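Accompanying notes for the structure given below.
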Amino acid sequence: MMKLASTRIQPRPRGADGRVRSGSAGLGTRPGSAVIASCVAIALTIGCTSRKEEPAAASAKTATVQRALDVPRDRVWAASTHVRVIDAAMGQVVSGAQLSHAINDMAFTADGRRAFVASSDGMYEIDVETTKLGAHLTTSPARQVLIAPDGKSIGVLEHDVVVGKDGARTVMPFRWKTVSLDDGKVLSTETAGDRVLAVAPGYGTHASVVLFEAGVVMLVPAGQALEKGGRALDLAGGQEPLAFGKMIPRQYLTVNHEGTRAYFPVEGTPSRILEVDLVAGTSRAIALGGQLHLRGLALSPDEKKLVVNAMRSMVVVDLVTAKVTGSIELGAAHTGAVVSEDGSRVYLAQTVDEKGGAVTIVGLDPLRVQGKIHLDDISPWVIGIAPRAAMASAR
Amino acid sequence: MAMKPLNRKAETLTSRSPDDVRPYTFGDCCPGFLPGWEVAANGQADACGWQADLRACHPCYWTAQVPDNATYPNWMDNCGNVAQDWETGLPLVGP
Chain A
29 MMKLASTRIQ PRPRGADGRV RSGSAGLGTR PGSAVIASCV AIALTIGCTS
79 RKEEPAAASA KTATVQRALD VPRDRVWAAS THVRVIDAAM GQVVSGAQLS
129 HAINDMAFTA DGRRAFVASS DGMYEIDVET TKLGAHLTTS PARQVLIAPD
179 GKSIGVLEHD VVVGKDGART VMPFRWKTVS LDDGKVLSTE TAGDRVLAVA
229 PGYGTHASVV LFEAGVVMLV PAGQALEKGG RALDLAGGQE PLAFGKMIPR
279 QYLTVNHEGT RAYFPVEGTP SRILEVDLVA GTSRAIALGG QLHLRGLALS
329 PDEKKLVVNA MRSMVVVDLV TAKVTGSIEL GAAHTGAVVS EDGSRVYLAQ
379 TVDEKGGAVT IVGLDPLRVQ GKIHLDDISP WVIGIAPRAA MASAR
Chain B
982 MAMKPLNRKA ETLTSRSPDD VRPYTFGDCC PGFLPGWEVA ANGQADACGW
1032 QADLRACHPC YWTAQVPDNA TYPNWMDNCG NVAQDWETGL PLVGP
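Chains A and B are the protein sequences, given in the same order. Quick note: the first sequence uses the working numbering, first residue 29, plus one each step. Quick note: the second sequence uses the working numbering, first residue 982, plus one each step.
Here it is as structure tokens:
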């Protein structure tokens, strides 16, 4: 049986029936945590609900309770070469999967039942409820996985390395392979180009974006093969660099739910986010101010905010005004970012925390670090959240 | 054995809070002339304090220190816990 990592945050106390007692959330065990106040509010509010109330008053009370229940309820998936599933409310690892291959990306189906990881050994499926490894869907090293907006297929960015008799390695062109989520069959395979970092596919209806290690980002017109290329995007996007002129796109590409807008970070002075409208074929740069090392992007559920992992800090961008609305120091280097389903929190992977790693929780309103969950046995560099639909159905 | 500062400049350097990642870079990728893989800011054996950013270096081309993961996709397969595994889990890659 797999040994799970212990955490420094204590689990919530349980009653004789095994249920977690309210008012004692794991994160609240940290001195000074505002979650303590929230939990006290929960206890106080629930204590007042024993008397009979009018429906309207009860509804208002319910809303109050929901507001007071400011306890993270997310199942956070953190991964390095293995996967650890963290119950954010309990503040501890509750399950995991041993893969023993470097994991480069992860994605979940909308119903939250299935997870897919891109690893050095190809793409694997993991059952969200049991965290058991499922189908080994592809075998070539994979960098990226992305579920299509219609939920029927998953794209995987993969390539092969040919090792010659003299040991010389030849990196073959990267491919964008589309796999059916119904039966796991390969629906299509398309050459994307040499040394590709990430792809935002157009699905035949709009333009695609291809990020290359060489620092070039191509906008490929709708219906055109990825390998034929297209127009190189202007990474400056009206935000000309102040020094050295070097701008490097990073691989942390994210796409909105409809697959019509892509965002990727570009390091430079200043560092910026490039937003690409895949339907109109236009792009704009959003300056972040300063030379930031960018290590992750995540869209809020309403797609009005973009959270930027700037390694030792986190920046929040309002996509309506294209302005930075806040930033917060994280105190250590982080990789990746994911926003909770209710849009209230961000989870970031702290790759190294003492002799292990950690997941840092940042509240968005107000913007503040809410806590950290230590992981003893992995140093996570990929992070995701299982959609809550799976947990609701699993209970 | 920990290294000890022998002059004022060295003392100044050691009194600073350790830079976790890349005070010097080539292009955007990996550490250039940090102390190296051998010595951390506190003088102990360490991947010069930038283990936390190893994954971000790995996709790039600074093959003198970190091989790119297009050529060596399996390089980090035995390094699931970077802080503990980097000495034994990361294979040496020759030219």
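The beta-carbon is built from N, C-alpha and C at its ideal position, and this holds for glycine as well. Here the structure is a predicted model, which is why all the values come from computation and not from measurement.
Could you check the C-alpha separation between residue i and residue j for me, to the nearest Å?
i	j	result
residue 200/A	residue 184/A	16 Å
residue 169/A	residue 239/A	17 Å
residue 340/A	residue 194/A	42 Å
residue 1037/B	residue 323/A	7 Å
residue 377/A	residue 162/A	25 Å
residue 366/A	residue 192/A	40 Å
residue 415/A	residue 142/A	10 Å
residue 373/A	residue 113/A	17 Å
residue 991/B	residue 244/A	41 Å
residue 138/A	residue 327/A	15 Å
residue 387/A	residue 160/A	22 Å
residue 250/A	residue 310/A	13 Å
residue 258/A	residue 206/A	21 Å
residue 985/B	residue 263/A	45 Å
residue 297/A	residue 261/A	18 Å
residue 190/A	residue 118/A	46 Å
residue 408/A	residue 283/A	22 Å
residue 217/A	residue 1068/B	38 Å
residue 120/A	residue 401/A	7 Å
residue 391/A	residue 371/A	9 Å
residue 1070/B	residue 404/A	17 Å
Relative to the alpha-carbon of residue i, which residue among the options has its alpha-carbon at the smallest distance?
i	options	result
residue 288/A	303/A, 279/A, 366/A, 173/A	303/A
residue 1074/B	1064/B, 1052/B, 1040/B, 1061/B	1052/B
residue 220/A	209/A, 203/A, 246/A	203/A
residue 134/A	213/A, 234/A, 111/A	111/A
residue 233/A	241/A, 359/A, 177/A	177/A
residue 343/A	389/A, 182/A, 356/A	356/A
residue 319/A	99/A, 276/A, 217/A, 175/A	276/A
residue 411/A	385/A, 391/A, 397/A, 395/A	385/A
residue 128/A	196/A, 122/A, 145/A, 119/A	145/A
residue 223/A	399/A, 278/A, 335/A	278/A
residue 348/A	358/A, 332/A, 359/A	332/A
residue 126/A	152/A, 115/A, 393/A	152/A
residue 306/A	381/A, 286/A, 300/A, 295/A	286/A
residue 1040/B	1066/B, 1072/B, 1049/B, 1032/B	1049/B
residue 438/A	265/A, 280/A, 212/A	Only positions 29 to 423 of chain A appear in the structure, and residue 438/A is not among them; the question remains open.
residue 1032/B	1063/B, 1071/B, 994/B	1063/B
residue 131/A	116/A, 115/A, 208/A, 105/A	105/A
residue 369/A	213/A, 330/A, 209/A	330/A
residue 346/A	274/A, 173/A, 158/A, 301/A	301/A
residue 155/A	165/A, 140/A, 166/A	140/A
residue 123/A	103/A, 109/A, 108/A, 359/A	103/A
Shorter than 7 Å from the beta carbon of residue i to some beta carbon of chain A?
i	result
residue 1014/B	The pLDDT assigned to residue 1014/B is 42, lower than 50, so where the model puts this residue is not dependable, and the model offers no usable value.
residue 1025/B	For residue 1025/B, the predicted model reports a pLDDT of 48, less than 50, meaning its position is unreliable; a value from the coordinates is still stated below. Not closer than 7 Å to any Cβ of chain A, the Cβ of residue 1025/B fails to qualify, so no.
residue 995/B	no
residue 1054/B	yes
residue 1006/B	Unreliable positioning characterises residue 1006/B in this predicted model, as indicated by a pLDDT of 42, which lies under 50. The coordinate reading is nonetheless provided below. No, its Cβ sits nowhere closer than 7 Å to a Cβ of chain A.
residue 1040/B	yes
residue 984/B	no
residue 1047/B	no
residue 989/B	no
residue 992/B	no
residue 1063/B	yes
Comparing the C-beta of residue i with each C-beta of chain B, is any distance below 7 Å?
i	result
residue 57/A	For residue 57/A, the predicted model reports a pLDDT of 31, less than 50, meaning its position is unreliable and no value from the coordinates is stated.
residue 109/A	yes
residue 285/A	no
residue 409/A	yes
residue 383/A	yes
residue 219/A	no
residue 406/A	yes
residue 148/A	yes
residue 167/A	no
residue 365/A	no
residue 197/A	yes
residue 361/A	yes
Hey, is residue i close to the ligand SAH, as in C-beta under 6 Å from one of its heavy atoms?
i	result
residue 1068/B	Questions concerning the ligand SAH fall outside what the structure shown contains, since it holds no ligand whatsoever.
Identify every residue that forms a DSSP beta bridge with residue i.
i	result
residue 312/A	303/A
residue 379/A	Answer by DSSP bridge pairing: none, since residue 379/A is not bridged.
residue 256/A	Looking at the DSSP assignment, residue 256/A forms no beta bridge with any residue, so it has no partner.
residue 336/A	325/A, 343/A
residue 114/A	104/A, 121/A
residue 400/A	388/A
residue 164/A	152/A
| query | Counting Cβ pairs closer than 8 Å, one from the region 314-323 of chain A and one from the region 277-291 of chain A, do we hit at least three? | reply | yes
| request: Report yes or no: do three or more beta-carbon pairs, one from the region 221-239 of chain A and one from the region 253-263 of chain A, lie closer than 8 Å? | output: Because the criterion of three Cβ pairs below 8 Å is met, the region 221-239 of chain A and the region 253-263 of chain A touch.
| Would you call the region 351-371 of chain A and the region 322-337 of chain A touching, i.e. three or more CB-CB distances under 8 Å? | yes
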